[in-house]
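Numbering (the working numbering), first residue to last: 15 to 129. Virtual Cβ for every residue (Gly too), placed ideally from N, Cα, C. Since the structure is predicted, the reported quantities are computational estimates derived from the model, not experimental observations.
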Amino acid sequence: MTEISIRRVYDGAPPGWHPILVDRLWPRGIAKDDLSATWLKEVGPSTELRKWFGHDPERFEEFAERYRQELQGSEAFDELLEEARGHKRVVLLYSAKDEEHNQAVVLADLLCERL
């Protein structure tokens, strides 16, 4: 069984964990050469959904529902699922400041349901 964790990209991946960046946009202040992670940008929320959410904690529940709908049947989520299945420990990296209300939380829950 695969163990799933989430962490801010700025904190880096813990040793022994396979890092997957799940942001649609590359994180500010990090050079692409400085981050050793698989980047699955298409699994991030759509631009429209991301802008609507605006990292407002009061919108998180509805954001999570809408995001799950976006991910249903998506090739991007299938790719994430396959990537996760290939490793014992996976850490989903994200750049949001809010550690409880972001897409990685939703993705981790979905992965735990499917793995």
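- Nearest in C-alpha terms to HIS115, of all of ARG21, CYS126, ARG42 and ASP47, is ARG21.
- Around the beta carbon of TYR108, 16 or more other beta carbons lie within 10 angstroms, which makes this residue buried.
- The continuous beta strand (DSSP E) containing GLU17 extends over residues 17 to 22.
- Taking 8 Å as the upper bound for CB-CB distance, LEU63 and PHE77 are in contact here, some 7 Å apart.
- Apart from the 5 residues on each side of it in sequence, TRP31 sits with its Cβ closer than 7 Å to the Cβ of SER19, ARG103, VAL104 and VAL105 in its chain, given in chain order.
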